[in-house]
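**Student:**
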Amino acid sequence: MRASRVLKLLMMLQSHEKVTAQALADACETSIRTVYRDIDALSAIGVPVYSEQGVQGGYRLLHGYRTRLNGLSAKEAETLFLAGLSGSAQKMGLQTTLADAQLKLKAALPEDIRHEADRLQSRFLLDAPNWFSDDETVTFLPELMTAVLDQQCISMRYQSWKGERNRQAQPLGIVLKGGQWYLLAKVDNDIRTYRVSRIDSLTVLEERFERPKDFNLTAFWQDSLRRMEALQFPMIAEVRLTALGVKIMEYVCSSYVVNQAQIEPMDDSGWHSVKLPVGDTPHACTELLRFGVELEVIGPPTLRLAMEELVSSLSKIYQ
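Under full-length UniProt numbering, the residue at position 34 of the sequence shown is numbered 34, and the numbers go up by one with no gaps.
1) What are the complete beta strand (DSSP E) segments, minimum 3 residues, inside the segment 195 to 280?
2) Going by Cα to Cα distance, which pick from V274, A243 and K275 is closest to E294?
3) Looking only at DSSP bridge pairs, what is T193 linked to?
4) Please report the straight-line C-alpha distance between P142 and A44, rounded to a whole angstrom.
5) Among L205, G173 and P282, which one has its Cα closest to the Cα of F215?
6) Candidates A261, D223 and E229: which alpha carbon is nearest residue 320's?
7) Count the other C-beta atoms from every protein chain shown that fall within 10 angstroms of the C-beta of P282, then say buried if there are 16 or more, exposed otherwise.
8) Since I believe F140 is in contact with V196 (beta carbons under 8 Å), could you give me their beta-carbon distance rounded to a whole number of angstroms?
9) Of the residues T146, Y50 and S160, which one's Cα is nearest the Cα of E17?
10) Going by Cα to Cα distance, which pick from E287, V55 and G292 is closest to V19?
11) Just the C-alpha distance for V274 and Q319, rounded to the nearest angstrom, thanks.
12) Could you name the residues that DSSP lists as bridge partners for Y50?
13) Specify, as a first and last residue, the run of the alpha helix (DSSP H) that E296 falls within.
14) If contacts are defined as beta-carbon pairs under 8 Å, then L184 and I191 qualify, I think. What distance do you get, rounded to the angstrom?
15) Under a three-way DSSP split, which group does K316 fall into?
16) V35 and L24 look like a contact to me (Cβ under 8 Å); what is the Cβ gap, rounded to whole Å?
17) Sorted by chain position, which residues of the same chain lie with C-beta nearer than 8 Å to G279's C-beta, five sequence neighbours on each side aside?
18) Whose C-alpha, out of L305, W271, M266 and D267, is nearest the C-alpha of A284?
19) What is the residue span of the alpha helix (DSSP H) that Q22 lies within?
Here is the structure:
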């Protein structure tokens, strides 16, 4: 619609000292000729917009001119919470909405604060995905976003480790963790966590639900992480680490293992006695092997024996 386009054009002029006609056309997804007409329309209603010719030319507003026509829509206000995570907003289908919200917010700021906001935006970037990993395919993220916000029930087909499952659920929240998207949903009076990339099909139903008043997304997720970590590392390994082994622990182990590790002072032989949480025996052997010669497994006996057998097998390969 022309009204929203002209308003967006005005917000851009207000948030920049000078803007070219091409930049305005690109931002408003229209032609330069249409921009010319919109500029004429602004001038006709008394907006002090001026043009400057030449290579460095463009359009600008009279210095100090402000307009109050920068109210955010409800959707734009919601997406401001994703500011700095443009990739996340794009996957949710909210990239354009977020850009419009940020433009309106910037236009509402005093000039000195607006310059500071530009300076911060040019110096800080939040990059959510893990290193050396491709983006997940999350086909149904925009639909889930809508269902969560509108409190609509969903029907989905999900690939769990037990096989394919059909679920009807009440979506309560979406979490981005380490580049992976998770859906928290109420199913059969129990709140469960689902990997969004494992959803094969999804239907947003007309049926609506009441969100539990005592449900706190952040608190529930943090509690889930603690329980998940405890289940993932059920065993305590007794090991010896060299000084280098202790130093590289933060690069080899997860933050949970590092924080839970009990490290004794170095003994006379130059080793530290350490107790640290590990997974089941096969998983523990794989993880501890990453320390190389900087670690020796002391116990439990079953873990030490498994480690001896693994090292022996490796030795035969390289003989």
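Glycine residues also receive a C-beta, built at the ideal position from the N, C-alpha and C atoms.
**Tutor:** By the coordinates alone:
1) Those beta strand (DSSP E) runs which fall completely within the segment 195 to 280 and span 3+ residues are 199 to 208, 235 to 242 and 271 to 278.
2) Closest option to E294, judged by alpha-carbon separation, among V274, A243 and K275: A243.
3) Answer is L184.
4) Each residue's alpha carbon lies about 40 Å from the other.
5) Taking only the C-alpha atoms, the option nearest F215 is G173.
6) Residue 320 lies beyond the residue range present for the chain, which begins at 1 and ends at 319; the question has no answer from this structure.
7) Exposed, by the Cβ-count rule.
8) Indeed, because the Cβ distance is near 7 Å, the residues count as touching under 8 Å.
9) The residue with the shortest Cα to Cα distance from E17 is Y50.
10) With distances taken between Cα atoms, V19 lies closest to V55.
11) The alpha-carbon atoms of V274 and Q319 are separated by roughly 31 Å.
12) Paired residue(s): R60.
13) From DSSP, E296 is part of no alpha helix (DSSP H) but of the beta strand (DSSP E) over L295 to G299.
14) Right, the Cβ-Cβ distance comes to about 6 Å (below 8 Å), so this counts as a contact.
15) Three-state result, K316: helix.
16) Cβ atoms of V35 and L24 come within 8 Å of each other, at about 5 Å.
17) Cβ neighbours of G279 beyond the five flanking positions: Q232, F233, P234, M235 and E287.
18) Comparing Cα positions, the closest option is L305.
19) Note, Q22: alpha helix (DSSP H), A21 to C28.
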